[in-house]
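417 is the number of the first residue of the sequence shown in the working numbering; add one for each residue after it. Glycine included, every Cβ here is placed at the ideal spot set by N, Cα and C. For reference, the structure is listed below as structure tokens.
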Amino acid sequence: MTAYQGVRIADFSQGVAGPMAAMLLGDFAAEVVKVEPPGGDWAKDRPGYLAFNRNKQVVTLEADSAEARRLIAGADVAIFDHAPGRLEALGLDGAALTAEHPHLIHAWMPPYGTSGPWSQLPARHSLLSALMGAAFKQGAYADRPVHLILPVLQYGQAVMGAAAIGSALFERTRSGRGQALTVSGLHGASEVNGPARLLGQPPLPRGIPPGANPRYRLYQCADGEWFFLGTLFTGFYKRALEVAGVGDLFEMFEADMIAARDMLTGIFASRTRAEWLADLQANDVPCAPVGRREAWFAGEVVREAGLRCQFEHPTLGKVAVPAPPAKLSGTPAQVRGLPQPVETPPSWEPRPTPTEKASAGSPLAGVRVLNLGTVIAGAYAGTILANFGAEVIKIEGPEADPFRSDGPQFLLYNRGVRGLGLDLKQPAARALFLELAKDADVVIDNYRLGVRGRLGIDYAALKAVNPKIISCSINAYGTTGARAALPGFDPLLQSEGGMQASQGGADDPVLYTIAVNDVATAGVVAASVIAALNARQRTGEGQEILTSLTAQSLLFQIEEVVDYAGRPANDEGCEDCPGVSALTRFYECADGWIAVACQTFAEASALQSVLGIELGEDALSAPRDGELADRLAAAFAARPREDTALALAAAGAPAAPVRRAAEALEDPWLVENGFPERWEHPRLGPMISARAFADFHRTPGGFRHPTPDLGQHTRGILREAGVPEDRIAELFATGAVFEPAGAALEPAQ
417 MTAYQGVRIA
427 DFSQGVAGPM
437 AAMLLGDFAA
447 EVVKVEPPGG
457 DWAKDRPGYL
467 AFNRNKQVVT
477 LEADSAEARR
487 LIAGADVAIF
497 DHAPGRLEAL
507 GLDGAALTAE
517 HPHLIHAWMP
527 PYGTSGPWSQ
537 LPARHSLLSA
547 LMGAAFKQGA
557 YADRPVHLIL
567 PVLQYGQAVM
577 GAAAIGSALF
587 ERTRSGRGQA
597 LTVSGLHGAS
607 EVNGPARLLG
617 QPPLPRGIPP
627 GANPRYRLYQ
637 CADGEWFFLG
647 TLFTGFYKRA
657 LEVAGVGDLF
667 EMFEADMIAA
677 RDMLTGIFAS
687 RTRAEWLADL
697 QANDVPCAPV
707 GRREAWFAGE
717 VVREAGLRCQ
727 FEHPTLGKVA
737 VPAPPAKLSG
747 TPAQVRGLPQ
757 PVETPPSWEP
767 RPTPTEKASA
777 GSPLAGVRVL
787 NLGTVIAGAY
797 AGTILANFGA
807 EVIKIEGPEA
817 DPFRSDGPQF
827 LLYNRGVRGL
837 GLDLKQPAAR
847 ALFLELAKDA
857 DVVIDNYRLG
867 VRGRLGIDYA
877 ALKAVNPKII
887 SCSINAYGTT
897 GARAALPGFD
907 PLLQSEGGMQ
917 ASQGGADDPV
927 LYTIAVNDVA
937 TAGVVAASVI
947 AALNARQRTG
957 EGQEILTSLT
967 AQSLLFQIEE
977 VVDYAGRPAN
987 DEGCEDCPGV
997 SALTRFYECA
1007 DGWIAVACQT
1017 FAEASALQSV
1027 LGIELGEDAL
1037 SAPRDGELAD
1047 RLAAAFAARP
1057 REDTALALAA
1067 AGAPAAPVRR
1077 AAEALEDPWL
1087 VENGFPERWE
1097 HPRLGPMISA
1107 RAFADFHRTP
1117 GGFRHPTPDL
1127 GQHTRGILRE
1137 AGVPEDRIAE
1147 LFATGAVFEP
1157 AGAALEPAQ
């Protein structure tokens, strides 16, 4: 039995986010029927359609037809992505359908928000990135927004959709009731982009395309080839400086990062990339060559990790798609086939009216997570689970999470959890950890391969004390193959996986400022843990989950890596990329920047009408830099940003203002849509960041705790666990556990 076997899903969504969310559930054996209107999914001719709709039956029906309504009556989940107001007009909104079918999980995944003018725009990633501040967050040489070649915000919406639907199914098993939930484009962007700011402090400075930090940066070698130096941790950086012959300059480099960057740039330009990589890797220094995604997907690392699946298509021939991004030992996911068109939908019997029981509250209420994860991927997974209602304990040793700081990123990635100081190098601390695991549901870690075993807290040890435990472990390159034990960081997978090369195009490669693979892994861990919790409700058994940054280097460019003979080329970026064509591009207005994303003749005609200029017959294929782009730039230059965007959108030419990150946190439309939330850190003061990664209409989640200081809640957690006071005193005396000096109870939220 797999995690969602027996769950029926009617997927009425199109494009990327909704279909991909259903894909992730279908990989775990949910029976998914994709309902398409006459004419099909608007993205049916794109390569990604084959991946997003794998394992699905595809039927053509009007969404409000009697046959479609019969399908909904027999479904456990119905997924929609219509703009606000359209489901209500069809009688397919969450309130109506859950009243008619009390068992139903109604998942609404609109491309933007739930109200306001920008929420009516068609699904275009560049517009979402503009509104959410992501385009101005990306590193650039000039003060201008950057078009992201990968639709990472939509991919994030998809993963949050799968996690939220799984959470609602988990809660339904306990309460007997379905519910409506919303996972909008804003929720997906919140998880991936996560703008956050400590109020009263200036925004963080913007990065540059190769990376501003000399220890975490792209470097070009004597042969013109590039590699990424991923020495985020000081030990790795010192080792890299030794290899470069400047180990004695560490203190100077720390005091003057620009001098360090310039000197290392010259040093690495003195030899070929192959020579540098050989020496650095021989000394266990994290680094990776800049490569192309096609070679990565077809290469040895992906093959050894079992992350490539191939199927025969009736007209396209052999089609390769990425495998599911996480491996569950007890209830594994599987790609069983490409989309299968059918004449009629299956005859699902209507689900019976459920027997209602008391709800536990939020979707994951009562789920207890021990999180050993650090930096972003492991730590942030706990925050997502906490937002959905789980009780999450962040466990750190005396050396602390190496990413720990008082900066907004750390505060964002660790919000909603409590902190336990535990030195797992001590036998008494390890024994205590296993005791805590007896009453836990989930353990998360992102240790290097083999570390869990050496500490005596691997899955076998956890299962011995708690057969129902779910253990999720993350590493960089998977658990098999020559690289399995190597250290790795997000940009290394960006580099070798082709993300940086595609963003840079014919120009130099570009580091994604968003930690794409890290945030993707955090989301996949949360969704996979939730899938395992659902499986445990049915089997009574726990299991081990394994995932990697490598898996997410494919998932967050899943459409782009789908491979078959003659597939259309992917979009390519450039230095400070303004867009991919003259009509999908950022333009500067008199008081800021605007994003336009016209992809049809009707949209181009609307743009032409509002601006009062002749676009020409070939406007849709006009390049991002050329005569038409120059004329459009001149037309926008004297116009006000907001009024122009509103006029274009109202006329049917998709457009939106481009917000800076700090501006997005205060934007009235985003406030109207419930995106930002102000909260108080007891020591650092007021903070503003994303409120939620999904909205559950009957059992709301939300953050219950501010980001903890190191070991902040140690004593309270031990008392809750029933540890006697004399033993607590002994554990503190030996340093097995610790808390900050003068630790106080956190204020109520």
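With a 10 Å radius around its C-beta and 16 neighbouring C-beta atoms as the bar for buried, classify residue i as buried or exposed.
| i | result |
| --- | --- |
| E670 | exposed |
| Y465 | buried |
| P883 | exposed |
| F972 | buried |
| D639 | exposed |
| H517 | buried |
| N699 | exposed |
| T731 | exposed |
| T1115 | buried |
| R1040 | buried |
| F643 | buried |
Between the options, which lies nearest to residue i when the distance is taken from Cα to Cα?
| i | options | result |
| --- | --- | --- |
| E641 | R1040, G707 and A675 | G707 |
| I890 | E765, S821, N787 and T1060 | N787 |
| G549 | H563, N629, E912 and A1066 | H563 |
| P453 | Q1024, A951 and Q430 | Q430 |
| G1068 | P1098, I946, L1027 and T937 | L1027 |
| F1154 | F1119, L744, G920 and I811 | I811 |
| I398 | A1110, E1096 and H541 | What the structure shows of the chain is the stretch from 417 to 1165, and residue 398 is not part of that stretch, so it cannot be assessed. |
| V737 | A690, G1138, G869 and D979 | D979 |
| T418 | F804, I946 and L657 | I946 |
| R1107 | S918, M679 and R831 | R831 |
| S918 | A985, N950, T966 and H1129 | A985 |
| A1157 | G1127, R462 and P1140 | G1127 |
How many angstroms separate the CA atom of residue i from the CA atom of residue j?
| i | j | result |
| --- | --- | --- |
| R1094 | H1121 | 13 Å |
| G510 | I1144 | 49 Å |
| G1101 | L615 | 8 Å |
| P1084 | T650 | 42 Å |
| S775 | G1117 | 13 Å |
| V718 | Q726 | 13 Å |
| P1092 | P903 | 35 Å |
| E957 | Y875 | 13 Å |
| F411 | W692 | This structure does not reach residue 411, given that the chain is present from 417 up to 1165, and the question cannot be answered. |
| N862 | G789 | 5 Å |
| A1159 | H1129 | Unreliable placement is indicated for A1159, whose pLDDT of 49 sits below 50; the coordinate value is still reported in the next sentence. Taking the straight line from one Cα to the other gives about 8 Å. |
| G555 | G1090 | 27 Å |
Could you give the DSSP three-state label for residue i: helix, strand or coil?
| i | result |
| --- | --- |
| G914 | coil |
| T963 | strand |
| D979 | strand |
| I974 | helix |
| A484 | helix |
| V945 | helix |
| W692 | helix |
| F444 | coil |
| V785 | strand |
| Q953 | helix |
| A892 | coil |
| M1103 | strand |
| E607 | helix |
| I624 | coil |
| P757 | strand |
| A742 | strand |
| V867 | helix |
| G510 | helix |
| S775 | coil |
| F1002 | strand |
So is the beta-carbon of residue i under 7 Å away from any non-hydrogen atom of the ligand COA?
| i | result |
| --- | --- |
| A445 | Absence of the ligand COA is noted for the structure shown, with no ligands found whatsoever. |
Check whether chain D comes within 8 Å of residue i, counting only Cβ atoms and requiring the distance to be less than that.
| i | result |
| --- | --- |
| Y893 | No chain D is present in this structure, which holds just one protein chain. |
Quiz item: Hey, is the region 712-729 in contact with the region 658-674, meaning 3+ C-beta pairs nearer than 8 Å?
Solution: The region 712-729 is not in contact with the region 658-674.
Self-check item: Contact the region 566-586 vs the region 607-626: 3+ CB pairs below 8 Å
Solution: yes
Self-check item: Contact between the region 619-629 and the region 834-843 (3+ Cβ pairs under 8 Å)
Solution: Inter-segment contact for the region 619-629 and the region 834-843 is absent: fewer than three beta-carbon pairs are separated by less than 8 Å.
Quiz item: Can we say the region 732-752 touches the region 910-923, given the rule of at least three CB pairs closer than 8 Å?
Solution: The answer is no - the region 910-923 does not touch the region 732-752, with fewer than three Cβ pairs under 8 Å.
Self-check item: Sufficient close CB pairs (3 or more, under 8 Å) joining the region 953-965 to the region 935-942
Solution: yes
Self-check item: Touch test, the region 1014-1030 against the region 591-602, Cβ-Cβ under 8 Å, three pairs minimum
Solution: no
Self-check item: Contact between the region 983-1002 and the region 476-489 (3+ Cβ pairs under 8 Å)
Solution: no
Exercise. Flag this pair as touching only if the region 583-596 and the region 526-541 have three or more C-beta atom pairs under 8 Å; answer yes or no.
Key: no
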